[in-house]
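Residue numbers (my numbering): 16 to 360.
Written below as structure tokens is the structure these notes are about.
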Amino acid sequence: MAKIGVAGASGYTGFELLRLLTNHPNIEIVFLTSETYQGEDISKVFPSIRGFVDKKLSSIESVSSEACDLVFLALPHTTSMDKVPTFLSRGTKVIDLSADYRLKDPTVFKDWYSFPHNQPALLKEAVYGLPEIHREKIKSARLVANPGCYPTSITLALAPLVTEDWVDLSSIIADSMSGVSGAGRKGSLATQFSEINEGVSAYNIAVHRHTPEIEQELSALAKTNVLISFSPHLVPMTRGMLSTVYINLKQDMSSENLIEYFQNFYKDEPFVRILPLGEYANSHFTVSSNFCDIGVHVDKRNQRAIITSAIDNLIKGASGQAVQNMNLMLGISETTGLNFPGIFP
Ligand SMILES: NC(=O)c1ccc[n+]([C@@H]2O[C@H](COP(=O)([O-])OP(=O)(O)OC[C@H]3O[C@@H](n4cnc5c(N)ncnc54)[C@H](OP(=O)(O)O)[C@@H]3O)[C@@H](O)[C@H]2O)c1
Numbered sequence: 016m017a018k019i020g021v022a023g024a025s026g027y028t029g030f031e032l033l034r035l036l037t038n039h040p041n042i043e044i045v046f047l048t049s050e051t052y053q054g055e056d057i058s059k060v061f062p063s064i065r066g067f068v069d070k071k072l073s074s075i076e077s078v079s080s081e082a083c084d085l086v087f088l089a090l091p092h093t094t095s096m097d098k099v100p101t102f103l104s105r106g107t108k109v110i111d112l113s114a115d116y117r118l119k120d121p122t123v124f125k126d127w128y129s130f131p132h133n134q135p136a137l138l139k140e141a142v143y144g145l146p147e148i149h150r151e152k153i154k155s156a157r158l159v160a161n162p163g164c165y166p167t168s169i170t171l172a173l174a175p176l177v178t179e180d181w182v183d184l185s186s187i188i189a190d191s192m193s194g195v196s197g198a199g200r201k202g203s204l205a206t207q208f209s210e211i212n213e214g215v216s217a218y219n220i221a222v223h224r225h226t227p228e229i230e231q232e233l234s235a236l237a238k239t240n241v242l243i244s245f246s247p248h249l250v251p252m253t254r255g256m257l258s259t260v261y262i263n264l265k266q267d268m269s270s271e272n273l274i275e276y277f278q279n280f281y282k283d284e285p286f287v288r289i290l291p292l293g294e295y296a297n298s299h300f301t302v303s304s305n306f307c308d309i310g311v312h313v314d315k316r317n318q319r320a321i322i323t324s325a326i327d328n329l330i331k332g333a334s335g336q337a338v339q340n341m342n343l344m345l346g347i348s349e350t351t352g353l354n355f356p357g358i359f360p
């Protein structure tokens, strides 16, 4: 049994990790951290976990000497940065769910997060945890930077296309809609019920912090600099995410051809489902699962590919993907603890 720690267990992604790990046959949870609830039982914070994980929460400083094979850091960005070297120095593998180790260039990190990166060597070493693209590197990594939710849905929608010379890389537009849990458990005015309910709003157009992460991954795949137009939206649902991505095609292509191409690209992927002709991705059908559903369509009037991509922001967009990465890092079958459909309604 691998010994696993969860730092930030009192947050949304922390809870989702616990829920997924209770069904995992190869691991044992050895510690949970929270600064606010230290000394409390986790079941007091999340009553639904009672009887499955009966542990007390500790401060992150107090668990620094616990023997542990792998730790998940489900902490706010800039908080994980200094915690990572401490765990690595004790031989503990780390999966960081924050943005701290996702961007390869420390200058880009500083530009977008207004915070200097103080671990440039580890930034270089960290492997971006999108298994569909970096599976082999993840297997031998000691530090995995788990992707953001928007980047997961958008990168999976575009990865099959950006390597091809029959697409116009300068034409990429991504419109995404996220449930409110994407903002984490700590409340703010913008995420209050009365601010969100019965309305849809765009926010951070062209300046959202996930933009450089998406561009970094697409550029690496395309082997040239790719810039996108990214417009995130907040919608009145608790969890789930839908991205609609547009890219111009340079040659005549049918929806049928493009679907076949996507199906072939993702044929060995356990968590990517390419939808049949005429079906569009729907957040309802990936919620509470680790699947990314992708709908493929060509607008024949203007030769534009329109790709829809749905995930659960807390699962394939965060904790499920983190468990998928853990499985790869520990040499466990990749789908262990994750092979179940979503819930509906
Ligand atoms: N929510 C999503 O859909 C999503 C998706 C992908 C990635 N992420 C990323 O995953 C990370 C966690 O997100 P979340 O939504 O789970 O956030 P959250 O609900 O706000 O939880 C944050 C956790 O971090 C702990 N924490 C806060 N400040 C800390 C500090 N200074 N030292 C130690 N622990 C601290 C909190 O513990 P206390 O009990 O002490 O407050 C809590 O357990 C973030 O970096 C986020 O960007 C989130």
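C-beta: ideal position from N, C-alpha, C; glycine also.
The structure presented is a predicted model; accordingly, all values stated were derived computationally and were not measured.
Here L72 is near E55, since their CB atoms are less than 7 Å apart. In its chain, beyond the 5 residues on either side, S258, V260, I309, I322 and S324 have a beta carbon closer than 7 Å to the beta carbon of A172. Judged by the Cβ position, K331 fails to qualify as a neighbour of ligand 1 at the 6 Å threshold, every heavy atom of the ligand being at least this far. Within the model, the alpha-carbon separation for D327 versus G144 is close to 16 Å. Of the residues F30, G23, N38 and T51, the one whose Cα lies closest to the Cα of P62 is F30.
Burial check for S334: the Cβ neighbour count within 10 Å reaches 16 or more, so the residue is buried. Here the segment 85-97 lies against the segment 106-124, with 3 or more beta-carbon pairs under 8 Å apart. Assignment of beta strand (DSSP E) within the segment 80-115, counting only whole runs of 3 or more residues, yields 85-88 and 108-111 in chain order.
Ranked by Cα distance from N240, the first of Q278, Y165, W127 and I187 is I187.
Residue burial is scored here from C-beta neighbours: E179 has fewer than 16 other C-beta atoms within 10 angstroms and is therefore classed as exposed. When distances are taken from the beta-carbon of E50 to the heavy atoms of ligand 1, the shortest one is below 6 Å.
Judged by the Cβ position, N328 qualifies as a neighbour of ligand 1 at the 6 Å threshold, a heavy atom of the ligand being closer than this.
For F280, the uninterrupted alpha helix (DSSP H) run begins and ends at S270 to F280, by DSSP.
Y27 carries a helical assignment under DSSP once its states are collapsed to helix, strand and coil. As computed with DSSP, N263 is found in a beta bridge with D183 and R319. Take G194, set aside five residues on each side of it, and the residues of its chain with a beta-carbon closer than 8 Å to its own are V250, M252, T253, R254, G255, M256, S298 and N328, in chain order.
According to the DSSP assignment, G352 belongs to no beta strand (DSSP E), since it is labelled neither H nor E.
One alpha carbon belongs to F124, the other to S80, and they sit about 30 Å apart. Of the heavy atoms belonging to ligand 1, at least one sits nearer than 6 Å to the Cβ of P91.
Closest in C-alpha terms to S49, from the list A89, A17, N38 and T301, comes A89. Across the structure, I243 and S185 are spaced so that their CA atoms are roughly 7 Å apart. Bounds of the alpha helix (DSSP H) holding D126 are P121 to Y128. Under the DSSP definition of a beta bridge, C307 partners with V287. With a beta-carbon spacing of about 17 Å, E151 and V287 fall beyond the 8 Å limit used to define contacts. At least one heavy atom of ligand 1 lies closer than 6 Å to the C-beta of L112. The beta carbon of F277 sits closer than 6 Å to those of P175, I289 and V311, all from its chain and outside the five residues before and after it, given in chain order. Secondary structure in the segment 31-77: the alpha helix (DSSP H) runs of 4 residues or longer, each lying completely within the stretch, are 57-60 in chain order. Non-local C-beta neighbours of V60 in its own chain, meaning closer than 6 Å and more than five positions away in sequence, comprise S25 and Y52, ordered along the chain.
Looking at the DSSP output, S191 shares a beta bridge with P247 and S258. Between I220 and A189, the gap from beta carbon to beta carbon reaches 7 Å or more.
When the five nearest sequence neighbours on each side are left out, the beta carbons in the same chain lying within less than 8 Å of the beta carbon of H248 are those of D190, S191, M192, S193, V215, S216, A217 and Y218, in order along the chain. Using a cutoff of 6 Å, the CB of I75 counts as near ligand 1, since one of the ligand's heavy atoms is closer than that. Straight-line spacing of the CA atoms in I19 and V78 works out to 12 Å. Under DSSP, V21 forms a beta bridge with L47 and F87. Relative to ligand 1, the nearest heavy atom lies less than 6 Å away from the CB of T28. Put simply, of K315, P356 and I330 the residue whose alpha carbon is nearest the alpha carbon of L36 is I330.
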